[in-house]
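Enquirer:
Chains as they are written, first to last, in the numbering used here: chain A, 1 to 337; chain B, 338 to 841; chain C, 842 to 1001.
In structure tokens:
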């Protein structure tokens, strides 16, 4: 009997000793500290806006209520920012970052300058997913893909290789036989919209979120989408269904995959597991916060949280492509500014 | 429409809106003044704060801040030779030169007054253009944009100076600027041009570090060499003509100021030309106003017209840039791109609705720009002459600060050490150009117009083959180019023949 | 005068080299990518060679005409001017070195202090108050308010 009591005491002490740091850690790790979110883009862009919204609501969901600030590290389409989070930022849980979802493709195609390995980051999830669509000016007579196939030439404005405005139509052109004429050189996707209004070009590809206001306005009509669906475009033909070429399908799949984790967030590799746990649960709870969601909706930012495991899965899917595939993909998806 | 025009004013004058606008003005005042606090960056930082405001308040705040930035940016340019904003660099050439002659007060007065005139012209253009803005913007496609870039490049000849040798160097500078503009990833094939495997250079060179290096460093060197205060050796430290003189100058050269305001507005309206261009073209135009070669050479050395032109243009272009942003949702400048975010935050969709359902809001924006600028210029006038006294401070005390501002100003471009390296490189280049008598303005012109020219050239040829050359507006612009190139020569010819007639 | 003349030649030479390099690099690029660099590079090379020639052949500054730009002050004795120019360039590069070694936040007040004391030979009160002001601006405005990312100075990363 006495032996059992002693054992129980020892057990209690052990539990106490092990358990308290967890509790204490949870309670005071972020107390009085500042959490920095590194954004791989300049202020004002999509990634930056999401990060600032997050910065506003995240403190409530982190134990110790830290201040959350944004640091912009633009350059090379967020490769500079990603490199920084990977090797320069201290893995103490006080720095996290967000960057271009397409960096998986950049890593796969061995873009020069990539110094990170996406699988080694401590993933925190993704705030949203986004579909990439192709939209044409509403007054054009093409309503279905078959109509489009009959057209002699459809002029698509793009901002240059390395952006979804260019890669999506270029892959479609190559594998589905649609007669697209790509006109690159526009300085931003908004300029392409203006060109559409001017009838200089017939259509544009890009993120559904960014084209949606123009669809609502009636300027353009969506005609094709990638495999990620979104409310309003579920019925559109998917790019992969438009081609019978397995290589084409594979490339489209790889191109589409990252958009599922459109707004990825990570912590540097080597961040202690318990800290990562705190961050992850903070992300889960902030994306359920009603005020956060309300403000996001008002600012026209869709929130569609993907768990870290899902995000990592998507990344691995892209990175596990065999080398020949990587080479083929590299031909069509150039990484750029 | 008249109804909305008046309503717009009343709505801005309501005390909540007015207060919030004043807040924006105070913010904008400092943002413009300090190099490194960019107008666009700060706008982006302010976006989260407008969440709880009504649309009128939100835009009064943002525009109150933004429309003031180009005005106070001129102050830093004039006083210290460091561009307070990317859009106020041209004011350095003559503005700071005037400061060095002891005429800082006058230069400031001229810069501020012309900024006000420019802002008013821009605002009125916005108001008047509302019915015609859509057809106007829709007419300017890629071919026209290319030709506009060509017209801009043609101004190189005006900015070079007199004589064959000066022209040669002007073209060298211009071509060098055009070449530098090509650094980065090419949008046609995705090839990295001149990036030497540096990630930093993928997007090309940023305007601010280039401008700050090119303009601030030679001025700092000159200040160090002279060993005096900015205003130099002056009898009894008298600062010569003050701010009021500068105001009078604005009205003495009223039509020039108006013309440069219109140039700025026009360039602002056409999306795709970017903010850096307007001030240089206005400067080029002001130089053309010189009546003979001697006057021409006076530019860059303290001709007040060199302050009036860019001062007016960099403000009017903001009014112009608002037009495509509101009417089409296409930003006319980088600051406008962020303002667009504000639209969405407020649940508004820029487009025909803004000119229709929300016309009052649109007019309130116009009034905000007008009132904000009036308030800023009026308040600044109270201490312009005091500010001018800074030019009497010993150079050695000012130099560390100017260098500090220059370094940090460049750094905030990309928050990257590469910014500092670019700054230093162009600093050296700017210094050597001055030493070797190479004009810098053509280099800047080439640099800001290079990508616009190339991209639009390819869009035009890929889209239209060669038929774009015969479009009516294109032909008009070709004519304009020729006029721009030939005009200074004609003026000189007239001047020469006039005196000989008198003596005959 | 001779030194200035050499400087003009060197600048033109530097530009010629840049133009030459641009043309060389463009050889490996597809047509559209290479077009503008070539269209700009060829006249640039040609004109810079002309300028180089003119610099060698005629050294008359007076006949050159003035650029629409400011000109370096001529009032100061050239030897003093040269000394001061070298000094200011060294200080500027020194500032850069300080930023690299100590990080921005420390480098700025350090530089302000060193310059005011050593180059400006200003008094302690002025130097220290200016240093304090600059430190406040760096820390208060750029660090605390704007949260600009400043890389750590090399000295500190060696240590930690």
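Beta carbons: idealized from backbone N, C-alpha and C, even for Gly.
Counting only Cβ-Cβ distances shorter than 9 Å, please list the residues of the stretch 911-924 of chain C near chain A, keeping chain order.
Expert: Result list empty, no residue passes.
Enquirer: Would residue 249(A) and residue 236(A) be called neighbours here (beta carbons separated by less than 8 Å)?
Expert: As a first step, residue 249(A) is located in the first chain; it is residue number 249 there, counting from the start. As a first step, residue 236(A) is located in the first chain; it is residue number 236 there, counting from the start. No. Outside cutoff.
Enquirer: Taking Cβ positions only, does residue 215(A) come closer than 8 Å to chain C?
Expert: The count along the first chain starts at 1 and reaches residue 215(A) at position 215. Cβ-Cβ to chain C under 8 Å: no for residue 215(A).
Enquirer: Where does residue 277(A) fall in DSSP's three states?
Expert: Start at 1 with the first residue of the first chain, and residue 277(A) comes out as number 277. Of the three classes helix, strand and coil, the one that applies to residue 277(A) here is helix, per DSSP.
Enquirer: Should residue 716(B) go down as buried or exposed, given a rule of 16 or more other Cβ atoms within 10 Å for buried?
Expert: Position 379 of the second chain, counting from 1, holds the residue named residue 716(B). The residue in question, residue 716(B), is exposed, as its Cβ has fewer than 16 Cβ neighbours within 10 Å.
Enquirer: Can you give the Cα-Cα distance for residue 1002(C) and residue 607(B), rounded to whole angstroms?
Expert: Because chain C here runs from 842 to 1001, residue 1002(C) falls outside it and cannot be looked at.
Enquirer: List in chain order: all unbroken beta strand (DSSP E) runs of 3+ residues lying wholly within the stretch 793-818 of chain B.
Expert: If we require 3 residues or more, the stretch 793-818 of chain B turns out to have no beta strand (DSSP E) run fully inside it.
Enquirer: Keeping to the same chain, check which residues put their C-beta closer than 6 Å to that of residue 91(A); ignore five residues upstream and five downstream.
Expert: The sequence position of residue 91(A) within the first chain is 91, counting from 1. Here the set comprises 268, 270, 271.
Enquirer: Between which residues of its own chain and residue 590(B) is the CB-CB distance below 7 Å, once the five residues before and five after are set aside?
Expert: Within the second chain, residue 590(B) is the residue found at index 253, counting from 1. The residues are 642, 645.
Enquirer: For residue 214(A) and residue 100(A), what's the separation of their Cα atoms in angstroms?
Expert: Residue numbering aside, residue 214(A) sits at position 214 when the first chain is read from its first letter. Residue numbering aside, residue 100(A) sits at position 100 when the first chain is read from its first letter. So the alpha carbons of these two residues sit roughly 24 Å apart.
Enquirer: Can you say whether residue 112(A) is buried or exposed, counting buried as having 16 or more other CB atoms within 10 angstroms of its CB?
Expert: Translated into positions along the first chain, residue 112(A) becomes position 112. Classification of residue 112(A): exposed, given that the 10 Å Cβ count is below 16.
Enquirer: Jot down the residue ranges of each uninterrupted alpha helix (DSSP H) in the stretch 107-176 of chain A, minimum 4 residues, whole runs only, in chain order.
Expert: Whole alpha helix (DSSP H) segments, 4+ residues: 145-150, 164-176.
Enquirer: Where does residue 186(A) sit, in a helix, a strand or coil, going by DSSP?
Expert: Walking along the first chain from the start, residue 186(A) turns up at place 186. DSSP places residue 186(A) in coil when its eight states are reduced to three.
Enquirer: To be precise: take each residue of the stretch 193-216 of chain A, compare its Cβ to all Cβ atoms of chain B, and keep it if any distance is under 9 Å. Which residues remain?
Expert: From the stretch 193-216 of chain A, only 193, 194, 195, 197, 198, 199, 200, 201, 213, 214, 216 have a Cβ closer than 9 Å to chain B.
Enquirer: Out of 260(A), 35(A), 254(A), which has the shortest C-alpha to C-alpha gap to residue 320(A)?
Expert: Mapped onto the first chain, residue 320(A) falls at position 320. Residue 320(A) has its Cα closest to that of 254(A), out of 260(A), 35(A), 254(A).
Enquirer: Return the residues of the stretch 376-389 of chain B that lie within a Cβ-Cβ distance of less than 9 Å from chain A, sorted by chain order.
Expert: Those would be 377, 378, 379, 380, 381, 382, 384, 385, 388, in chain order.
Enquirer: Go through the stretch 570-643 of chain B residue by residue and report every complete run of the alpha helix (DSSP H) that reaches 4 residues or more, in order.
Expert: As far as the stretch 570-643 of chain B is concerned, its whole alpha helix (DSSP H) runs of at least 4 residues are 580-589, 591-606, 612-625, 630-635.
Enquirer: Please state whether DSSP places residue 842(C) in a helix, a strand or coil.
Expert: Here residue 842(C) refers to the residue found at position 1 when the third chain is read from its first residue. The predicted position of residue 842(C) is uncertain, since its pLDDT is 46 and thus under 50; a value taken from the coordinates is nonetheless stated next. It is coil, neither helix nor strand.
Enquirer: Based on DSSP bridge pairs, tell me the residues matched to residue 35(A).
Expert: Locating residue 35(A) in the first chain gives position 35, counting from the first residue. Answer by DSSP bridge pairing, in chain order: 68(A).
Enquirer: Alpha carbons only, please: which of 334(A), 98(A), 189(A) is nearest the one belonging to residue 529(B)?
Expert: As a first step, residue 529(B) is located in the second chain; it is residue number 192 there, counting from the start. Checked all of 334(A), 98(A), 189(A); the closest Cα to residue 529(B) is 334(A).
Enquirer: Measure the CB-CB distance between residue 937(C) and residue 757(B) and report whether it falls below 8 Å.
Expert: Residue numbering aside, residue 937(C) sits at position 96 when the third chain is read from its first letter. Residue numbering aside, residue 757(B) sits at position 420 when the second chain is read from its first letter. Contact flag set, yes.
Enquirer: Given a cut-off of 8 Å on the beta-carbon distance, is the pair residue 710(B) and residue 414(B) in contact?
Expert: In the second chain, residue 710(B) corresponds to position 373, counting from 1. In the second chain, residue 414(B) corresponds to position 77, counting from 1. No. Outside cutoff.
Enquirer: What is the DSSP secondary structure of residue 316(A), counted as helix, strand or coil?
Expert: Counting from 1 along the first chain, the entry for residue 316(A) is found at position 316. The answer is helix: DSSP assigns residue 316(A) an H, G or I state.
Enquirer: Nearest chain A C-beta to residue 884(C) closer than 8 Å, yes or no?
Expert: By 1-based counting over the third chain, the position of residue 884(C) is 43. So no, residue 884(C) is outside the interface.
Enquirer: Taking only the alpha-carbon atoms, compute the straight-line gap between residue 332(A) and residue 204(A) and give it to the nearest angstrom.
Expert: Your numbering for residue 332(A) matches position 332 in the first chain. Your numbering for residue 204(A) matches position 204 in the first chain. C-alpha separation (whole angstroms): 17 Å.
Enquirer: In terms of residues, what are the limits of the beta strand (DSSP E) holding residue 978(C)?
Expert: In the third chain, counting from the first residue as 1, residue 978(C) sits at position 137. It is not in any beta strand (DSSP E) - residue 978(C) carries neither H nor E in the DSSP assignment.
Enquirer: Skipping 5 residues on each side, what residues in its chain have a beta carbon closer than 7 Å to that of residue 857(C)?
Expert: Walking along the third chain from the start, residue 857(C) turns up at place 16. Within the same chain, residue 857(C) has close Cβ partners 886, 889, 890, 893.
Enquirer: List the endpoints of the continuous alpha helix (DSSP H) containing residue 326(A).
Expert: The count along the first chain starts at 1 and reaches residue 326(A) at position 326. Its alpha helix (DSSP H) spans residues 323-332.
Enquirer: Cutting at 6 Å between CB atoms, please list the residues of its own chain near residue 284(A), excluding the five before and the five after it.
Expert: Against the first chain, residue 284(A) aligns to sequence position 284. Taken in chain order, the list of residues that qualify is empty.
Enquirer: Taking only beta-carbon positions, decide if residue 69(A) is within less than 8 Å of chain C.
Expert: Indexing the first chain from 1 puts residue 69(A) at position 69. So yes, residue 69(A) belongs to the interface.
Enquirer: I'd like to know if residue 404(B) contacts chain C, where contact means its C-beta is closer than 8 Å to some C-beta of that chain.
Expert: Your numbering for residue 404(B) matches position 67 in the second chain. It does not: the Cβ of residue 404(B) has no partner Cβ on chain C nearer than 8 Å.
Enquirer: When burial is assigned at 16 or more other CB atoms within 10 Å of the CB, is residue 441(B) buried or exposed?
Expert: In the second chain, the residue the question calls residue 441(B) occupies position 104. Its Cβ being crowded by 16 or more others within 10 Å, residue 441(B) is buried.
Enquirer: Quick test of the definition: if touching needs 3 or more C-beta pairs under 8 Å, does the stretch 811-829 of chain B touch the stretch 649-668 of chain B?
Expert: As far as the Cβ criterion goes, the stretch 811-829 of chain B does not touch the stretch 649-668 of chain B, which means the pair count is below three.
Enquirer: Any Cβ of chain A within less than 8 Å of the Cβ of residue 842(B)?
Expert: Only positions 338 to 841 of chain B appear in the structure, and residue 842(B) is not among them; the question remains open.
Enquirer: What does the alpha-carbon distance come out to for the pair residue 55(A) and residue 37(A)?
Expert: Translated into the one-based positions of the first chain, residue 55(A) becomes position 55. Translated into the one-based positions of the first chain, residue 37(A) becomes position 37. Approximately 8 Å, taken between the alpha carbons.
Enquirer: In chain order, what residues of the same chain have a beta carbon less than 8 Å from the beta carbon of residue 596(B), not counting five sequence neighbours either side?
Expert: By 1-based counting over the second chain, the position of residue 596(B) is 259. Cβ neighbours of residue 596(B) beyond the five flanking positions: 622.
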